[in-house]
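J.: This is the structure I have questions about; it appears just below.
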Amino acid sequence: MRTEYATAVGLALVAAAGLGLLAGCPGTLENKDIFLVDGAVGDAPYDASPLADAGPADSAAKDSSPFAEAGADSGGCGDVIARVFVPSCGGNGCHGAIGAQQGLDLVSPGVAARVVGVAAKECSATLADPKNPDTSLIYTKLSPNPPCGAQMPLARAPVSADDIACVRAWIAAQ
């Protein structure tokens, strides 16, 4: 009886590991550049102007992004969610769709609906306050000395000053 139980447990563990490997397969990306942490391709700096200057002919391509949503394009910053939040905030154990810290998912569609006017769970602040973006927790947590907790992202390079300004602009545009 013990041998049968051990065999069943072993098979269940092998099956679970196999499913975990399959679930971890990301497939392919049409535009992998939007996932680069610093937004640069090779030695070239990130250029948001093609997104910001997109005319009617390019608007369909811009709107087809899985992360595109109303207010996501903040002027010359491009799609802040895809360009800043996804690579800087959405890593494993951070603010992705699965296991989001503090229940804060910053990568799935509908980010604005989840953060604008919403009180933070652990800090006395609003996650994103368009009327006062300078006090918004999402913005202040990117600075070296946030009003509560640690600077984000944890265990990664800090977000650039330009990208922090883009996050502020995104909040103000909501």
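Count the sequence shown with numbering that gives the first Met the number 0 and you get residues 0 to 173, in order.
Ideal Cβ placement from N, Cα and C applies to all residues, glycine included.
1) Between the alpha carbons of residue 112 and residue 135, how many angstroms are there, rounded?
2) Mind checking residue 105: buried by the 16 CB within 10 Å criterion, or exposed?
3) What did DSSP end up calling residue 115 once you bin it into helix, strand or coil?
4) What's the call for residue 133, buried or exposed, on a 16-neighbour Cβ count within 10 Å?
5) Can you tell me whether residue 161 is helix, strand or coil according to DSSP?
6) Helix, strand or coil for residue 78, going by three-state DSSP, please let me know.
7) Measure the beta-carbon distance from residue 110 to residue 165 and round it to whole angstroms, keeping in mind my assumption that it falls under 8 Å.
8) Quick one: grab the DSSP three-state call for residue 172.
9) Just grab the DSSP bridge partners of residue 127 for me.
10) Go through its chain and collect everything with a Cβ distance to residue 162's Cβ below 6 Å, but skip five positions before and after it.
11) Assuming the contact rule is C-beta atoms closer than 8 Å, residue 87 and residue 167 should be a hit. Round their C-beta distance to whole Å, please.
12) Quick check on residue 137: does DSSP put it in helix, strand or coil?
13) Which of the three DSSP states is assigned to residue 87 in this structure?
14) At the level of alpha carbons, what is the spacing between residue 142 and residue 171?
15) Roughly how many angstroms separate the alpha carbons of residue 39 and residue 91, rounded to a whole number?
16) Suppose you measure from the CA of residue 146 to the CA of residue 124; what does that come to, to the nearest Å?
T.: Answer, in terms of the structure:
1) Rounded to whole angstroms, residue 112 and residue 135 show a C-alpha spacing of 15 Å.
2) Around the beta carbon of residue 105, 16 or more other beta carbons lie within 10 angstroms, which makes this residue buried.
3) DSSP places residue 115 in strand when its eight states are reduced to three.
4) Under the 10 Å beta carbon count, residue 133 is surrounded by fewer than 16 other beta carbons and is classified as exposed.
5) In the structure shown, residue 161 sits in a helix (DSSP, three-state: H, G or I).
6) Three-state DSSP puts residue 78 in a strand.
7) Distance from residue 110 to residue 165 at the Cβ level is roughly 14 Å; contact not present, criterion being Cβ atoms closer than 8 Å.
8) In this structure, residue 172 counts as coil in the three-state DSSP scheme.
9) Partner(s): 115.
10) Beyond the five residues adjoining it in sequence on each side, residue 162 comes within less than 6 Å, by CB distance, of 83 in the same chain, given in chain order.
11) A Cβ-Cβ separation of about 14 Å leaves residue 87 out of contact with residue 167 under the 8 Å criterion.
12) Under the three-state reduction of DSSP, residue 137 is assigned to helix.
13) Here residue 87 carries a helix assignment [DSSP, helix/strand/coil].
14) Separation of residue 142 and residue 171 (C-alpha to C-alpha, rounded to the nearest whole angstrom) is 17 Å.
15) Low per-residue confidence applies at residue 39: pLDDT is 38, beneath 50, and the placement is therefore not dependable, though the value from the model is reported in the following sentence. Computed Cα separation, rounded: 22 Å.
16) In this structure, the straight-line span from the alpha carbon of residue 146 to that of residue 124 is close to 9 Å.
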